[in-house]
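Protein chains in written order, with the numbering used here: chain A, 16 to 436; chain B, 1434 to 1806.
Contents: one structure, followed by commentary.
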Amino acid sequence: MNQFQLEISKKFKRFDFHPIQRKLYSYDLSEPPKLLKKFLGVADVVIQPEGKEEVYEALKIAKKYRMPVIPRGAATSAYGGVLPYKGGMVVDFTRLNNFEIDEDKKLLISEAGVVWWDVQKELVKKGLSLRVYPTSAPSSTVGGWIGQGGYGVGSLKYGSIAENVDWVEVVDFRGINVKEPSKFVGLEGTTGFIVSAAIKLKDYDDDVAFAFNTSIEDSIKLVFESKAHTAFFYNKEYIEILKEVRGIDIEGNTLLLTFESKLAEKDLNEKLNGDELIGEKLWQDRFYPLRIRKISNLICVEVILPIEKLPNLIKKIEGYPFIVVFSKNNAVVLMLLTIKDLKYSIWLKTVKLIKLAERFNGRIYSPGLWFSYKSDKVFPNFEMLKNYKKDVDEYNLLNPGKIFPLGVIPKLVKIVEMVMK
Amino acid sequence: MIEVIKGSKACARCNYCKVCPVYTVESWESSSPRGKLYAIKSLVEKEINIDARTVKELFKCTTCGICEVICQVEIPLVKLWEELREFLNNNGYVLPVHKKLKERTFREWNPYGESREKRIEWLNEINIKPSSSELLYFAGCTSSYRVQNLAKNTVELFSKVDVKFSYAGINEFCCGSPFLRTGQMDIAQKLFLKNYKIWKEMDVRRIVTSCAGCYRTIAKDYPRIAEKLGYNFDFEVLHTVQLLDEIIDDVNLSKINIKATYHDPCHLGRHMGVYEEPRRVIKKLGIELVEMERNRDNAFCCGAGGGVRSQFKELAFEIGKLRVKEALDTDTKYLISCCPFCELHLSQSLKYFDEKISVLDLVEVVNKKVEDL
């Protein structure tokens, strides 16, 4: 046992150096091509802290040994954000799973490893509810989604996760401090590890969902005339696959609008022949966008673009199955490429689709590792964030290679993109 | 093994299978179904090497099947885990206690290592004689050697409601469930052949068992083994609770004014789809059924199955404690189930708590309440 291993074993109760565990903490949902895979590291050790002090301890050891340290929630993203690109210590937040509910302030005070849907079940018992949650809520963690940033269920009314976080408690090399969230949401732990957060809540109300058979243009009108909290649009190609997989009796382009029951727009529903039965089925399926993977392997491409540009992009991606998640002022388009084999051409297609979205003022959903060279397009204040990162992480040990480009991978992806011009 | 590889590649890695009881307790990726599938993929692609630790991690699974229920891409995971275990066994990767169970069973035809003569002790303690009926009672090893009360109550009840049954006695052999679940197919096939032979000699047409594990094995695995070995498997197989559900309307019952909760055994519920029969019987008895938070196809495993209790005792009891806690949270006085292995494990897991709840098999409850005809 070397000095580093000895120190880990003295300081932590839960850690693992075995190759099997190290390998299993070095993947996420992405399946990179072999060319990129060659440049990916494997965790040197996996640590499961049981409190924020242990997270701080991990960072102190990382600094001492100049070793990268990578935060990991449920690893349900596909942008490489949790991959130990340059090896290092993977900090698994699973055991930081306590939360409190401040009923008066309508705030959830949650540790990073709490699973969204687990906490929602407890909130409902107290007559409260999350305002937004990810479509991966049955397994994804509070810290994971805040760290990645983005939109989900409830985002039409309540905005992105960034708009729903009151404060974050962050561990960096200087200590453990409560901070204003803007330098941390979506930064994937590169500026400090989120160990807990305060999340805004609402009073619980039953959800009522309606499905509408309608075009994207009419959907946009309907979405923004309504008081729905959630709006998903499924194109006919997606619906065709869904029909096969789920046996739902449904045809053509479909809009799902979900309301808090007290705001359910029955009139709107009746006027437009919204279907409550199909609406309910689609709503129940909101956590299972990957179900269609049952019939074919998939590559998902996610982009965000302004609402007014949405019809332009959609015209260009006709034929691909896709889902649109509406937020207050933009739309997330999840395009699904069904594939037989993971060939390089699929990756070229992915880059092509992202470029296409960029033509319509869109951007990649999350830079993560693969698209870290695009971070300046995702964060308008990127220069300030870069300076902050340098200030708090002088050796670039906090999740290196994510958000802030590093090494071969972003360069290779960028070259591919340039060649495609 | 092809199906195992296919399954490992089909995984969407969504981690919804985090509901796995082993993962719930251990919370390491290696113990989650998703992690195991990624480990298989990594082994196949030669990105990692197999070693004793990796094999151990792959065996940490009760085969409860909740991962299969939750899987959004519908991978047939129970079958996959069993095929994987068979492959590992065939390649010499067998865990020491599982190996020991097999050695014991080759000696006395039960995994507990008890003598064949002792198998029938429970029957000798009651004054009921089996007949030459075409309905065979298959007590199973756990009821014969460890939870004898269940076997006694079952035949007492049969006697009260005039159900004629035959019994193979010392010629009843382990059904093979522990070996099918741990991938030891050679002995499982041997046990099938021994039981099959005796059942044919006895002119058995129907088999009823009070063990969920035996029921799953005889009803689901035996026909497959029979087909593979070229035998005609033409027996009707029932769990006692299905028989009770058939006859309950015709028996004189004194109603019970109690509150109880019900634990769905994985092999009866998720593996065989028997959820409503026990609930109907419980309601017929007048018992107020208070469901645990996780029930039916969502029920949490007791922690004993899949060779976990034998090989990973501490883990099995940590899972058992979680299930007992759920039962205690119902604030009832009785935890009813339909499997002696669950009953044994849950009652032993209860010892970690100050609060008490009586763990009973449904047959015992019915037997106490059925008036003699």
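Backbone N, C-alpha and C define an ideal beta-carbon position, used for all residues, glycine too.
So what does DSSP say about residue i, is it helix, strand or coil?
i, result
"residue 1522 of chain B", "helix"
"residue 1478 of chain B", "coil"
"residue 1715 of chain B", "helix"
"residue 431 of chain A", "helix"
"residue 117 of chain A", "strand"
"residue 1685 of chain B", "coil"
"residue 175 of chain A", "coil"
"residue 129 of chain A", "coil"
"residue 399 of chain A", "helix"
"residue 142 of chain A", "coil"
"residue 341 of chain A", "strand"
"residue 1642 of chain B", "strand"
"residue 1708 of chain B", "coil"
"residue 96 of chain A", "coil"
"residue 182 of chain A", "strand"
"residue 408 of chain A", "coil"
"residue 102 of chain A", "strand"
"residue 109 of chain A", "helix"
"residue 1573 of chain B", "coil"
"residue 275 of chain A", "strand"
"residue 379 of chain A", "strand"
Rounded to a whole number of angstroms, what is the C-alpha to C-alpha distance between residue i and residue j?
i, j, result
"residue 1806 of chain B", "residue 1494 of chain B", "Model confidence at residue 1806 of chain B stands at a pLDDT of 40, short of 50, so the residue's coordinates are unreliable; what they give is reported in the following sentence. Using only the alpha carbons, I get a separation of about 45 Å."
"residue 1619 of chain B", "residue 1712 of chain B", "37 Å"
"residue 264 of chain A", "residue 40 of chain A", "40 Å"
"residue 197 of chain A", "residue 206 of chain A", "11 Å"
"residue 1487 of chain B", "residue 35 of chain A", "6 Å"
"residue 1680 of chain B", "residue 1686 of chain B", "11 Å"
"residue 1507 of chain B", "residue 23 of chain A", "39 Å"
"residue 1650 of chain B", "residue 1610 of chain B", "6 Å"
"residue 383 of chain A", "residue 155 of chain A", "17 Å"
"residue 1474 of chain B", "residue 1462 of chain B", "14 Å"
"residue 100 of chain A", "residue 385 of chain A", "11 Å"
"residue 1736 of chain B", "residue 1775 of chain B", "8 Å"
"residue 1798 of chain B", "residue 1757 of chain B", "19 Å"
For the alpha helix (DSSP H) containing residue i, name the first residue and the last one.
i, result
"residue 1557 of chain B", "1554-1557"
"residue 291 of chain A", "291-299"
"residue 87 of chain A", "Unbroken run through residue 87 of chain A is the beta strand (DSSP E), 84-87; no alpha helix (DSSP H)."
"residue 1586 of chain B", "1581-1593"
"residue 1536 of chain B", "1529-1541"
"residue 1780 of chain B", "1773-1782"
"residue 393 of chain A", "390-393"
Are the CB atoms of residue j and residue i within a distance shorter than 7 Å?
i, j, result
"residue 402 of chain A", "residue 337 of chain A", "no"
"residue 348 of chain A", "residue 432 of chain A", "no"
"residue 1578 of chain B", "residue 1541 of chain B", "no"
"residue 1666 of chain B", "residue 1659 of chain B", "yes"
"residue 1773 of chain B", "residue 1642 of chain B", "no"
"residue 94 of chain A", "residue 381 of chain A", "yes"
"residue 226 of chain A", "residue 273 of chain A", "no"
"residue 219 of chain A", "residue 147 of chain A", "no"
"residue 1692 of chain B", "residue 1741 of chain B", "no"
"residue 1570 of chain B", "residue 1606 of chain B", "no"
"residue 81 of chain A", "residue 105 of chain A", "no"
"residue 89 of chain A", "residue 111 of chain A", "no"
"residue 1674 of chain B", "residue 1710 of chain B", "yes"
I need the boundaries of the beta strand (DSSP E) containing residue i, first residue and last residue.
i, result
"residue 315 of chain A", "312-321"
"residue 1749 of chain B", "It is not in any beta strand (DSSP E) - residue 1749 of chain B instead sits in the alpha helix (DSSP H) that spans 1746-1761."
"residue 1599 of chain B", "Neither: residue 1599 of chain B is in no beta strand (DSSP E) and is coded neither H nor E."
"residue 1672 of chain B", "1669-1672"
"residue 224 of chain A", "222-228"
"residue 205 of chain A", "Counting along the chain, residue 205 of chain A falls outside any beta strand (DSSP E), and DSSP gives it neither H nor E."
Throw me the rounded Cβ distance for the residue i and residue j pair, which I believe falls under 8 Å.
i, j, result
"residue 174 of chain A", "residue 342 of chain A", "6 Å"
"residue 224 of chain A", "residue 320 of chain A", "No, residue 224 of chain A and residue 320 of chain A are not in contact; Cβ-Cβ is about 25 Å, not under 8 Å."
"residue 1793 of chain B", "residue 1767 of chain B", "6 Å"
"residue 51 of chain A", "residue 424 of chain A", "6 Å"
"residue 1444 of chain B", "residue 1470 of chain B", "4 Å"
"residue 158 of chain A", "residue 108 of chain A", "5 Å"
"residue 346 of chain A", "residue 325 of chain A", "5 Å"
"residue 375 of chain A", "residue 327 of chain A", "5 Å"
"residue 164 of chain A", "residue 201 of chain A", "3 Å"
"residue 413 of chain A", "residue 134 of chain A", "26 Å between Cβ atoms; not a contact."
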